[in-house]
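**Q**
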Amino acid sequence: MNAMIWKWKNFELDFSQTRVMGILNVTPDSFFDGKKYFDSQCAVAQAWRMQEEGADLIDVGAESSRPGAAPVSEEEELRRLRPVLQSLQKENFPLPISLDSMKSSVVRILFQEGLVDVVNDIGGLRDPEMKNFILEHQIPVMLMHMFGNPQNMQKTYRYQDLMEDLLSFFTEKIKDIPSSHPIMIDPGIGFGKSVEDNLLILNQIHRFQKLGKPVLIGASRKSFIGKVLDLLPEDRLEGSLAVASVMAMRCVSMLRVHDVEATVRSIKMVHSIKNATIASNTP
540 MNAMIWKWKN
550 FELDFSQTRV
560 MGILNVTPDS
570 FFDGKKYFDS
580 QCAVAQAWRM
590 QEEGADLIDV
600 GAESSRPGAA
610 PVSEEEELRR
620 LRPVLQSLQK
630 ENFPLPISLD
640 SMKSSVVRIL
650 FQEGLVDVVN
660 DIGGLRDPEM
670 KNFILEHQIP
680 VMLMHMFGNP
690 QNMQKTYRYQ
700 DLMEDLLSFF
710 TEKIKDIPSS
720 HPIMIDPGIG
730 FGKSVEDNLL
740 ILNQIHRFQK
750 LGKPVLIGAS
760 RKSFIGKVLD
770 LLPEDRLEGS
780 LAVASVMAMR
790 CVSMLRVHDV
800 EATVRSIKMV
810 HSIKNATIAS
820 NTP
């Protein structure tokens, strides 16, 4: 299997150009859109809106991973997710749905119910049962690096060498999974990293791409943008689009974003610039 093309079920994602993952948080406490889509009908409507705006995939999560967020039980996570996912299934939602969860039990239940298509594991397979399940069922998986957990990640992070530590982490993860299995790596912007760390990761993104797997960046409206620009989350759109545009120019495989329409338009412009030729400018 070509690592840069995912083919599974009835879906295909070609990462020869940057793809957009729309964020759908069915939580009361996410840092930007908490409570906004906690109501299942609002969440379903937002999923369809992002599909119309050009998203390639929808990432649904029911447990906030903002710094300091309290953990959620398996039962509560399922209670939040099921109504949304079941409605999308009944409505024949056309895009693949990614489940943002660290719990193998939640992944197992929802996958077996036919409600999700991809796993977005911000724990990076620290749950051994998660790895066993995704390999057994050939589920595409996104692996993120996080120092610690959401409760302590911004208090306890320490690196000997940031880039080398992250590259070693992903090298070991990739070695531990069959080469034919569809995986994507996410360096975890904002997850146990300083402002300077996040900027360095974005600057050095080519080093992750050399590992030979699709690379995901989730920087949308995050605090490092706010600290650079001195802005609150609701005012960070331009900063988020700047990151998205640079990452698209650097051929990052996927961007996880809140603002799908604006990001899709920005990426389309970037792709047009990248693909311009001398012949196209001839009168």
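Just so you know, we're using our numbering here: the sequence shown kicks off at 540 and counts up by one. Virtual Cβ for every residue (Gly too), placed ideally from N, Cα, C.
Quick check: the stretch 784-802 against the stretch 744-761, are there 3 or more CB pairs under 8 Å?
**A** Contact between the stretch 784-802 and the stretch 744-761 is present, because at least three Cβ pairs lie under 8 Å.
**Q** For Met685 versus Asn659, is the C-beta distance shorter than 8 Å?
**A** Cβ distance not < 8 Å, so Met685 and Asn659 don't count as in contact.
**Q** What do you reckon, are the CB atoms on Gly663 and Lys712 nearer than 8 Å?
**A** Cβ atoms of Gly663 and Lys712: closer than 8 Å.
**Q** Here's the rule I'm using: 16 or more other beta-carbon atoms within 10 Å means buried, otherwise exposed. How should Pro726 be labelled?
**A** Buried, by the Cβ-count rule.
**Q** Is it buried or exposed for Ser604, if we count other Cβ within 10 angstroms and need 16 for buried?
**A** The residue in question, Ser604, is buried, as its Cβ has 16 or more Cβ neighbours within 10 Å.
**Q** Nearest to Val790 by CA position, among Ala542, Arg697, Trp547 and Arg558, is which residue?
**A** In the sequence on display, residue 790 carries Cys and not Val. Among Ala542, Arg697, Trp547 and Arg558, the Cα nearest to that of Cys790 belongs to Arg558.
**Q** Determine, using beta-carbon pairs with one atom in the stretch 724-740 and one in the stretch 699-709, whether at least three such pairs fall under 8 Å.
**A** Touching, per the Cβ criterion.
**Q** What are the residues that DSSP puts in a beta bridge with Trp587?
**A** According to DSSP, Trp587 bridges with nothing at all.
**Q** In terms of DSSP beta bridges, what is Met826 paired with?
**A** The question about residue 826 has no answer here: the residues shown for the chain are numbered 540 through 822.
**Q** According to DSSP, simplified to helix, strand and coil, what is Ala706?
**A** This sequence places Leu at residue 706; Ala is not what is there. Helix.
**Q** Going by the beta-carbon positions, is the gap between Ser637 and Met669 smaller than 8 Å?
**A** In this structure, Met669 does not lie closer than 8 Å to Ser637 by Cβ.
**Q** Within 10 angstroms of the Cβ of Ile562, are there 16 or more other Cβ atoms? Answer buried if so, exposed if not.
**A** Under this definition Ile562 is a buried residue.
**Q** Taking Cβ to Cβ, would you say Leu624 is nearer than 8 Å to Ile597?
**A** Not in contact: Leu624 and Ile597 (Cβ atoms no closer than 8 Å).
**Q** Exposed or buried, Thr802, counting other C-beta atoms within 10 Å across all chains shown (16 or more means buried)?
**A** The residue is buried, with at least 16 neighbouring Cβ atoms inside 10 Å.
**Q** Apart from the five residues on each side of it in sequence, which residues of its chain come closer than 6 Å, Cβ to Cβ, to Ser612?
**A** Counting only Cβ-Cβ distances below 6 Å, and skipping sequence neighbours, we find nothing.
**Q** Who are the Cβ neighbours of Ala787 in its own chain at under 6 Å, not counting the five residues just before and after it?
**A** Correct list, in chain order: Thr557, Ile806 and Val809.
**Q** Whole-angstrom Cβ separation of Gly752 and Met723, contact assumed at under 8 Å?
**A** First, the amino acid is wrong: residue 752 is Lys here, not Gly. The Cβ separation is near 6 Å, so the contact holds.
**Q** Which residue wins for smallest C-alpha separation from Tyr696, given the options Gly778, Val734 and Met560?
**A** Measuring from the Cα of Tyr696, the nearest candidate turns out to be Val734.
**Q** Could you check what DSSP says for Leu649 in three-state terms: helix, strand or coil?
**A** The answer is helix: DSSP assigns Leu649 an H, G or I state.
**Q** Taking all protein chains shown into account, decide if Ala815 is buried (16 or more other Cβ within 10 angstroms of its Cβ) or exposed.
**A** Its Cβ having fewer than 16 others within 10 Å, Ala815 is exposed.
**Q** In chain order, what residues of the same chain have a beta carbon less than 7 Å from the beta carbon of Leu780, not counting five sequence neighbours either side?
**A** The answer, listed in chain order, is Ala801, Thr802 and Ser805.
**Q** If you count every other CB in all the chains shown that lies within 10 Å of the CB of Ala609, and 16 or more means buried, which is it?
**A** Ala609 should be labelled exposed.
**Q** With a threshold of 6 Å on Cβ separation, who are the neighbours of Tyr698 within its own chain once the five nearest residues in sequence on each side are excluded?
**A** Excluding sequence neighbours, Tyr698 sits near Asp704.
**Q** Considering only DSSP beta bridges, list what Asn564 is partnered with.
**A** Answer is Gly600.
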